[in-house]
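Undergrad:
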Amino acid sequence: MSLSPKVIILAAVIILAMVFLLVLTVASKDGVYYLTLEEFQAHPDQERGVRIAGFVLDGSIQKEAGGLAVSFVLRDQPGRHRLPVRFDARSAGGRIPDTFTDSSQVVVAGKLDPQGVFQATQLLAKCPSKYQARPAPAPPAVAQP
Amino acid sequence: MLVLGQAALLAALVSSAWAFATGFLGGFTGSDPLTRSSGRGLLASGCWLALASTGLAVALLTDDFRLEYVVQYSCKNQPWVYKLSAFWAGQGGSLLFWALLLAGFGSLAVLFARRTPADLLPWAYSTFGTMILFFTGVAALVTNPFQRLPPGTIPPDGAGLNPLLQNFWMLVHPPTLYLGYVGCAVPFAYALAALAAGRLDSSWTRAVRRTSLWAFAFLTLGIWLGGYWAYIELGWGGFWAWDPVENASLMPWLTLTAFIHSIIAQDRRGLLKLWNLTLVTITLMLSIYGTFLTRSGIIQSVHAFTRSSIGNGFIGFLLLVGLVALGLILWRRGQLRGEAAIESVLSREASFLFGDLLLLGLALLVLILTMWPVISQIFSSQPVTMEPRQFTQVTRPWFLLLVLMMAVGQRAAWRRTTPRHLLRALALPLAVAGAVAGALLLGGGRDPWSLAFLFAAGFVATAALSGMIRLFRPSTSRLSPAPHPEPARLQKLGGLLSHLGVALMVAGIALSTGYRREAAFEALPPGRSVTFDNYQITYGGFDLVNRPEYDGVRLKLAVTAPGSDQPREVMPERRVYGRTRQPASEVAILTTLWPHSVGELKRIGEDLYVIPVEADFGRNTATIQVIVHPFLNALWFGGILLLAGTLLAAWPTKAVMSVPADGNSTAGMEPR
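Note that the protein sequences, when read in sequence, are chains Y and H.
Each number in my numbering comes from the position in the first sequence (counting from 1) with 27 added on.
Each number in my numbering comes from the position in the second sequence (counting from 1) with 73 added on.
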């Protein structure tokens, strides 16, 4: 297939611009580290935001402001590591997922505040352990963009 | 029935292997009996897999808790439709479902074989056989849904299906999406057959045109249903979150979109042959990858990627598909030259090429960002994930360019157009687009991306509408006539309708995300009225609801929409389901399809979305979150138009209808 030089140049410009924008984005410090609780506690002074996967410690959920904010303790699977977390739907945007209950598996994104509380800007919850097998090819049962 | 199902699964394994082997040999020797035997092998696989599926369905419907699969995804007091939908709720069942659909498509290919060039058949059968063999193999040997629990450990009841999935939308969403995914296998099978047989004219693209459109329709509907379900059921007020599972369905949709457009160039001018083969191969690979991503449970934790029990098999199969296609393409590279040249940047064929490039590029960008947690480990000790914001940031300019291209491509002539002619053809769409964006600007809309996308949407919508008018009212034009006869009018109309649908969707997404407003109201006492964005919301206490499946609290809210004097009842619910005490919110949505007064014209298609957060039993108070989504319903409606247009373009036409010599349609209207 022969192409006119203009077509080739325009195509090349599109490709290069795509790559450039991609590199610009991934190289920015916006991406967040995805850590286990143990990895996070080894280096809690992360500059960029982090995402931590863990479980809700049974009985640790304390809802405030009519259920618009929540404090709880995040634990890892063996329960050796623990971290106090707070999420406020009013300031963070979004809401507390329905699937966020005792022992549910959660992912929190945010930063540690000076008091040692992890201020989450995102709270994602998987279905409780009863449903560990993923139930359907669908957006997961999480409640936040 | 269990034994029968298990045996049928193994029989399907044998017959699909037979279809593969005889098809392969038949292709090599050109032997008709071997090819026919391969076809019978495919039909047999279809029957065996149907039998195996019946076995699993019966086990689910009769609460046969001897099967681990039934225990995991079903329970006794589940309504029968949800018992049945547990079929595709787990890994083993959904792989069986994939194999069943694949064998179904393969059987259809055998039944409609007379319409296909004979030399393509053995290779297509052989490809179907291989794919069925793989999926049946994984279902039978790795994650067998007929796996029994050891005697003595059989529980009296199962765990049940997640209540979030127990609704109409989740009933139809997975099978629809699967039909789309598996449908991509059909054009791929014929593409490989065309390469193997060395028949690289437009015979294979013609053979798969309608199937590809059907696959596209199912994939579109599947994604639409998923977004709608997320919006009305998950209750976070959004429809798309750049979640890996969502991305998995978007990527093949993008490349399939490119494919169904660019085969037109092969059909009409013998161009873009290499592109079409590449696109269809990548589409199939992305469909398989999508199934894998959904099925392997790596959703939240990409750490688990390679740990999945089916991971290695899938990666191996993907590699096989890619390498075979690549090898055949290299072998036949001499025949893949276009039969003509792309002469000008301003031509229909060049616009298809740029469209292919943008769509494939977007799919790759989404893939890279989705896989970033894995990719980033190459140079970072810790995996880095990409936030939804970053997905939007990287893809947004290219989506904008793509939408603008939709109108340009629709009006550019084949071979070449002069800038003056193109500008003249696009003058009206440009004027309307400018007016629409100007109106938003005057109305106080300052978000540059929303303005740009609204401009693009107005551009495409006007171009599509004027195209439809011209389709039925031919006029003379100064542009050169088309080098080939125009395809049927119905197909063109379908393409234009799809474009109109996409324009509406773009406008709905741009306005609802750009001008979304939200607020939270804490501990409202009964009788309290609050005002938000001119909606007046009065809380009137709550009712308790008791149903066999759940207990709930129903908040009673009276909402008066802006410009209206009639309050409407809005009743969101907090529910707790079954034995597992799984909580779920039922959001309430007040849709304003048509504004109540002229001053509130901007409320067309707007949603007021009310999330119940908490009800305090002691004080009778309620906490709610509310979100206003302007123009969001254009997204749902546009999706339906896109679907209708696709089906219209895929509609069987007995013969190509003669379209009056319509000069303008050179600038015209392809089914896109």
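Don't be surprised by glycine CBs; every beta carbon is placed ideally from N, CA and C.
Any beta-carbon of chain Y closer than 8 Å to the one on H:Leu403?
TA: Taking 8 Å as the threshold, the shortest C-beta distance from H:Leu403 to chain Y does not fall below it.
Undergrad: Suppose contacts are defined by Cβ-Cβ distances below 8 Å. Is H:Leu714 in contact with H:Leu503 by that definition?
TA: no
Undergrad: By the 10 Å Cβ neighbour count, where 16 or more other Cβ atoms means buried, how is Y:Asp115 classified, buried or exposed?
TA: buried
Undergrad: Helix, strand or coil for H:Phe219? Go by DSSP, reduced to three states.
TA: coil
Undergrad: Considering H:Pro521, what are the terminal residues of the beta strand (DSSP E) in which it resides?
TA: Counting along the chain, H:Pro521 falls outside any beta strand (DSSP E), though it belongs to the alpha helix (DSSP H) covering Pro521 to Phe545.
Undergrad: Closer than 9 Å by beta-carbon distance: list the chain H residues that pair up with Y:Ile41, in chain order.
TA: Phe427, Leu430, Leu431, Gly434, Trp471 and Leu474
Undergrad: Give the secondary structure of Y:Leu43 by DSSP, where H, G and I count as helix, E and B as strand, and everything else as coil.
TA: helix
Undergrad: Considering only residues of the same chain and omitting the five flanking positions on each side of Y:Ala119, which have a CB-CB separation below 6 Å?
TA: Thr148
Undergrad: Got a sec, what are the start and stop residues for the alpha helix (DSSP H) H:Tyr198 sits in?
TA: Residues Leu194 to Gly210.
Undergrad: Compile a chain-ordered list of the residues in the segment 112-142 of chain H whose CB is closer than 9 Å to at least one CB of chain Y.
TA: none
Undergrad: Of all Cβ atoms in chain Y, is any one closer than 8 Å to the Cβ of H:Leu715?
TA: no
Undergrad: If you check the beta carbons only, do H:Ile415 and H:Phe387 fall under 8 Å apart?
TA: no
Undergrad: Does the beta carbon of H:Gln463 come closer than 8 Å to any beta carbon on chain Y?
TA: yes
Undergrad: How would you label H:Val686, buried or exposed, when you count the other beta carbons within 10 angstroms and need 16 or more for buried?
TA: buried
Undergrad: Per DSSP, Y:Pro111 forms a beta bridge with which residues?
TA: Y:Val100
Undergrad: Secondary structure at H:Lys629, three-state DSSP: helix, strand or coil?
TA: strand
Undergrad: Closer than 8 Å by beta-carbon distance: list the chain H residues that pair up with Y:Arg117, in chain order.
TA: Per Cβ cutoff of 8 Å: Ala593.
Undergrad: Per DSSP, what kind of secondary structure is H:Tyr588 in: helix, strand or coil?
TA: H:Tyr588 carries a coil assignment under DSSP once its states are collapsed to helix, strand and coil.
Undergrad: Quick one: residues in its chain with C-beta nearer than 8 Å to the C-beta of H:Leu86, no 5 flanking neighbours on either side, listed in chain order?
TA: Leu206, Thr209, Gly210 and Ala213
Undergrad: Thinking C-beta only, is H:Ala707 closer than 8 Å to H:Gly672?
TA: no
Undergrad: Are H:Arg647 and H:Ala688 touching if we call contact CB-CB under 8 Å?
TA: yes
Undergrad: Near H:Ala506, what residues of its chain come up, given a Cβ to Cβ distance below 6 Å and the 5 sequence neighbours on each side ignored?
TA: Phe528, Gly531 and Phe532
Undergrad: Residues of the segment 90-121 of chain Y with a CB closer than 9 Å to any CB of chain H: list them in chain order, please.
TA: Going along the segment 90-121 of chain Y in chain order, one finds Lys90, Ala92, Gly93, Gly94, Leu95, Ala116, Arg117, Gly120 and Gly121 with a Cβ nearer than 9 Å to chain H.
Undergrad: Say whether chain Y places a C-beta atom closer than 8 Å to the C-beta of H:Val660.
TA: By this cut-off, H:Val660 is not an interface position.
Undergrad: Excluding the 5 residues flanking H:Gln145 on each side, which residues of the same chain have their C-beta closer than 8 Å to its C-beta?
TA: Gly163, Gly231 and Ala232
Undergrad: Would you be able to state if there are at least three C-beta pairs under 8 Å between the segment 101-110 of chain Y and the segment 57-70 of chain Y?
TA: yes
Undergrad: With a 10 Å radius around its C-beta and 16 neighbouring C-beta atoms as the bar for buried, classify H:Gln698 as buried or exposed.
TA: buried
Undergrad: Thinking just about the alpha-carbon of each residue, which of H:Phe704, H:Tyr198, H:Asp137 and H:Gln220 is nearest to the one in H:Ala90?
TA: Of the listed residues, the one whose Cα sits closest to H:Ala90 is H:Tyr198.
Undergrad: Are the beta-carbon atoms of H:Arg484 and H:Ala534 separated by less than 8 Å?
TA: no
Undergrad: Using alpha carbons as the reference points, say which of H:Thr367, H:Leu359, H:Lys346 and H:Gly434 lies closest to H:Gly407.
TA: Nearest neighbour of H:Gly407 by Cα position, chosen from H:Thr367, H:Leu359, H:Lys346 and H:Gly434, turns out to be H:Lys346.
Undergrad: How would you label H:Ile542, buried or exposed, when you count the other beta carbons within 10 angstroms and need 16 or more for buried?
TA: exposed
Undergrad: If you run the structure through DSSP and keep just helix, strand and coil, what is H:Asn607?
TA: Note: H:Asn607 maps to coil in three-state DSSP.
Undergrad: With 16 as the cutoff for other CB atoms within 10 Å, does H:Ile451 come out buried or exposed?
TA: exposed
Undergrad: May I have the straight-line CA-CA distance separating Y:Ile88 from Y:Phe127, to the nearest angstrom?
TA: 9 Å
Undergrad: Three-state secondary structure (DSSP) at H:Gln79?
TA: helix
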